[in-house]
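Participant: First, the structure itself, so that you have it in front of you.
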Amino acid sequence: MLFQVNKHSLWFKTTCVLIFVVFFLLILFYSAQGAVCSNSDSDSKPNNQNQEYQCRFYVDDDATGIMDGSSQNPFQKISHALKQADRFCNCKKVYIRSGYYQENNLRIKEGVHVSGSGANEVIIDGNNNYENVIIMDHKTKLHHVTVKGGKNGIKVKSKSRVLLWDVIVRDNNRDGVNVKESEDIKDKYQVSIHKSKLINNNWNGLYAEKSKFYIEDTLIRDNRRDGAEVRPGSKGTFKDIGFKDNQGLGLRLTIDNSKIFIKDCTFRDNEKSGLEVRYREKKGYIKIEDQTKFYENNRYGIVRLIENELKQHQWEWYFKVSDSTKFRDNDQGNQSHLIEL
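Pasting the structure below:
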């Protein structure tokens, strides 16, 4: 009987030791991920107090010595933080401190959120006319940074829901923001841009292939082609946008299979017309509303183009301009006649 008790006691002690060893190894494994979550650092607190606490990787261009991505020992390169954020499912946030970062081909992979200390404080310079500065995948966010000096400033991959908030995209060799085509036009793949500036790019401020979008409170200015071009089949809204001083059109749209609303926008001082609306062969719907303004454009306020025969009453089904729309001092007139191409 005594032997059996000792035998059971030994088995119990052995089991406890094994459990302790396994637990200790798990702690070592997760500690090796390199991100330190400091509850004393206000930057690392979640926005929602009920949200499960998540860690964050930090970046600082002045970082030296040990760089593990923690608040105390940040990475020096954004690419290093993005690589770690992609590796670990429990740490998908990257915070960039004030600085000047010369990097390109920065891939923000699915689920990763990147935020800077301020759009005028964090400058990401691709310094390369042949590479995109940032590439965004599905379910990604980018806040409070400037993106410049690349082939395209930001490239959005097909079938991706992305959010840009307080982002300045400027001085890129081609487009500021380039959105790839999505066959599936649904809310879950919406490209959203808020409180941003798309300025002084060599091509368009925004070029969007067939996509779903919502763009609000944004300035699209001084681009060397058009302010923005959205391709046929797209669905979305421009709200409170300034299309100003672009060397081509303010905005270029095509009716075919599109459903687009323009609300409370301003088209001003564009070298060509403020807005071009083109019809090819398929029905769609574009509406201008909420006191949108067309002022002092060098050609028309709105130029209307058709590539196939279309009667005036059919055009009015597909393109509507509300009575609250305002026109002033457009050199060739407020709205063109239907111009056949």
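Going by my numbering, the sequence shown opens with residue 386, and the numbers climb by one from there.
Cβ coordinates follow ideal geometry from the N, Cα and C atoms, glycine included.
Note that the coordinates shown come from a computational prediction; the quantities given were computed from them, not determined experimentally.
Determine contact between the region 692 to 704 and the region 646 to 653, defined as no fewer than three beta-carbon pairs at a distance below 8 Å.
Facilitator: The region 692 to 704 is not in contact with the region 646 to 653.
Participant: With DSSP as the reference, label A466 as helix, strand or coil.
Facilitator: Counting from one through the sequence shown, the residue named residue 466 turns up at place 81. Here A466 sits in helix by DSSP.
Participant: If you follow the alpha helix (DSSP H) that L699 is part of, which residue opens it and which one closes it?
Facilitator: Translated into positions along the sequence shown, residue 699 becomes position 314. In the sequence under discussion, the amino acid at residue 699 is Gln, which differs from the Leu named in the question. Run containing Q699: Q697 to Y703, per the alpha helix (DSSP H) assignment.
Participant: Within the continuous beta strand (DSSP E) that includes R441, where are the two ends?
Facilitator: For this step, residue 441 is matched to residue 56 along the sequence shown. Where R441 is concerned, the enclosing beta strand (DSSP E) stretches over R441 to V444.
Participant: Sorted by chain position, which residues of the same chain lie with C-beta nearer than 6 Å to G627's C-beta, five sequence neighbours on each side aside?
Facilitator: The count along the sequence shown starts at 1 and reaches residue 627 at position 242. Closer than 6 Å at the Cβ level, and outside the excluded window around G627, lie L604 and T651.
Participant: Assign R606 to one of three DSSP states: helix, strand, or coil.
Facilitator: What you label residue 606 is simply residue 221 of the sequence shown in a count that begins at 1. R606: strand per DSSP, three-state reduction.
Participant: On the three-pair Cβ rule with 8 Å, is the region 566 to 573 touching the region 549 to 556?
Facilitator: The region 566 to 573 is not in contact with the region 549 to 556.
Participant: With a threshold of 16 other CB atoms inside 10 Å of the CB of G450, please say whether the residue is buried or exposed.
Facilitator: Within the sequence shown, numbered from 1, the residue matching residue 450 stands at position 65. Exposed, by the Cβ-count rule.
Participant: By how many angstroms is the C-alpha of S483 removed from the C-alpha of Y664?
Facilitator: Here residue 664 corresponds to residue number 279 of the sequence shown, with the count starting at 1. Here residue 483 corresponds to residue number 98 of the sequence shown, with the count starting at 1. Computed Cα separation, rounded: 47 Å.
Participant: Along the chain, which unbroken stretches of the alpha helix (DSSP H) at least 4 residues long are found entirely within the region 657 to 713?
Facilitator: Correct list: 697 to 703.
Participant: Taking S545 as the reference, give the member of R555, K565, G535 and G538 with the closest Cα.
Facilitator: To locate residue 545, count along the sequence shown from 1; it is residue 160. Nearest C-alpha to S545: K565.
Participant: Beta carbon of D372, beta carbon of E495: below 7 Å?
Facilitator: Because the chain here runs from 386 to 726, residue 372 falls outside it and cannot be looked at.
Participant: If you count every other CB in all the chains shown that lies within 10 Å of the CB of W588, and 16 or more means buried, which is it?
Facilitator: Mapped onto the sequence shown, residue 588 falls at position 203. Flag for W588 reads buried.
Participant: Go through its chain and collect everything with a Cβ distance to T622's Cβ below 6 Å, but skip five positions before and after it.
Facilitator: Counting from 1 along the sequence shown, the entry for residue 622 is found at position 237. So the qualifying residues of the chain are Y599 and F646.
Participant: If you count every other CB in all the chains shown that lies within 10 Å of the CB of D716, and 16 or more means buried, which is it?
Facilitator: Residue mapping note: residue 716 aligns to position 331 of the sequence shown, counting from 1. Classification of D716: exposed, given that the 10 Å Cβ count is below 16.
Participant: Report the rounded CA-to-CA distance for G534 versus A504, giving the unit in angstroms.
Facilitator: The residue given as residue 534 occupies position 149 in the sequence shown. The residue given as residue 504 occupies position 119 in the sequence shown. Straight-line Cα distance between these residues: approximately 15 Å.
Participant: State buried or exposed for L638, treating a residue as buried only when at least 16 other CB atoms are found within 10 Å of its CB.
Facilitator: Taking the sequence shown and counting its residues from 1, the one referred to as residue 638 is at position 253. With 16 or more Cβ atoms within 10 Å of its Cβ, L638 is classed as buried.
Participant: Report the rounded CA-to-CA distance for Q362 versus K657, giving the unit in angstroms.
Facilitator: Absent from the model: residue 362. The displayed extent of the chain is 386 to 726, so no value can be given.
Participant: Quick check: the Cα distance between T677 and Q720, rounded to an integer number of angstroms?
Facilitator: Against the sequence shown, residue 677 aligns to sequence position 292. Against the sequence shown, residue 720 aligns to sequence position 335. C-alpha separation (whole angstroms): 14 Å.
Participant: So K542 and I520 are supposed to be a Cβ contact under 8 Å. How far apart are they, rounded?
Facilitator: As a first step, residue 542 is located in the sequence shown; it is residue number 157 there, counting from the start. As a first step, residue 520 is located in the sequence shown; it is residue number 135 there, counting from the start. With 8 Å as the limit, K542 and I520 qualify as a contact, their Cβ atoms being about 7 Å apart.
Participant: Strictly by DSSP, which residues pair up with R555?
Facilitator: Translated into the one-based positions of the sequence shown, residue 555 becomes position 170. DSSP output for R555 lists K533 and I584 as bridge partner(s).
Participant: What is the DSSP secondary structure of K573, reduced to helix, strand or coil?
Facilitator: Against the sequence shown, residue 573 aligns to sequence position 188. K573 falls in the helix class under three-state DSSP.
Participant: Counting only the same chain and skipping the five closest in sequence on each side, list residues whose C-beta sits under 8 Å from that of D426.
Facilitator: Your numbering for residue 426 matches position 41 in the sequence shown. Because the pLDDT of D426 is 36, which lies under 50, any placement of that residue in the model is unreliable, and the number read from its coordinates should be weighed accordingly. So the qualifying residues of the chain are S456.
Participant: If distances are taken between C-alpha atoms only, which option among T710, R606 and E725 comes closest to G635?
Facilitator: Within the sequence shown, the letter at position 250 stands for residue 635. Measuring from the Cα of G635, the nearest candidate turns out to be R606.
Participant: Confirm, please, whether the CB-CB distance from N585 to R610 is below 7 Å.
Facilitator: Numbered from its first residue, the sequence shown carries residue 610 at position 225. Numbered from its first residue, the sequence shown carries residue 585 at position 200. It is not a contact, given that the beta carbons lie outside the stated cut-off.
Participant: Going by DSSP in three states, D471 sits in which element: helix, strand or coil?
Facilitator: Start at 1 with the first residue of the sequence shown, and residue 471 comes out as number 86. Looking at D471 - three-state DSSP - the assignment turns out to be helix.
Participant: Can you look up L634 in the DSSP assignment and give me helix, strand or coil?
Facilitator: Locating residue 634 in the sequence shown gives position 249, counting from the first residue. In this structure, L634 counts as coil in the three-state DSSP scheme.
Participant: Count the other CB atoms, across all protein chains shown, that sit within 10 Å of the CB of L726; report buried if there are 16 or more and exposed otherwise.
Facilitator: Here residue 726 is taken as the residue at index 341 of the sequence shown, counted from 1. Result: exposed.
Participant: Can you tell me the Cβ-Cβ gap for H498 and K478, rounded? I've got them flagged as a contact below 8 Å.
Facilitator: For the purposes of this step, residue 498 is taken as residue 113 along the sequence shown, with counting starting at 1. For the purposes of this step, residue 478 is taken as residue 93 along the sequence shown, with counting starting at 1. Confirmed, Cβ separation roughly 5 Å.
Participant: According to DSSP, what are the bridge partners of D510?
Facilitator: The residue given as residue 510 occupies position 125 in the sequence shown. Q487 and K533.
Participant: Would the beta-carbon of K620 fall within 7 Å of that of K648?
Facilitator: Locating residue 620 in the sequence shown gives position 235, counting from the first residue. Locating residue 648 in the sequence shown gives position 263, counting from the first residue. No. Outside cutoff.
Participant: Between K477 and the ligand NAP, is there a pair consisting of the residue's CB and a ligand heavy atom that are separated by less than 6 Å?
Facilitator: You won't find the ligand NAP in this model; it holds no ligand whatsoever.
Participant: Assign C474 to one of two classes, buried (16 or more other C-beta atoms within 10 Å of its C-beta) or exposed (fewer than that).
Facilitator: Residue numbering aside, residue 474 sits at position 89 when the sequence shown is read from its first letter. Flag for C474 reads exposed.
Participant: Would you report the Cα separation of V615 and H722, rounded to the nearest angstrom?
Facilitator: On the sequence shown, position 230 is the one that residue 615 refers to. On the sequence shown, position 337 is the one that residue 722 refers to. Computed Cα separation, rounded: 22 Å.
Participant: I'd like the list of long-range same chain contacts for Q418, defined as Cβ closer than 6 Å, with 5 residues on each side in sequence excluded.
Facilitator: The residue given as residue 418 occupies position 33 in the sequence shown. Low confidence applies to Q418: its pLDDT is 44, below 50, so where it sits in the model is not reliable, and the reading given next is rough at best. Same-chain partners within the cutoff: F473.
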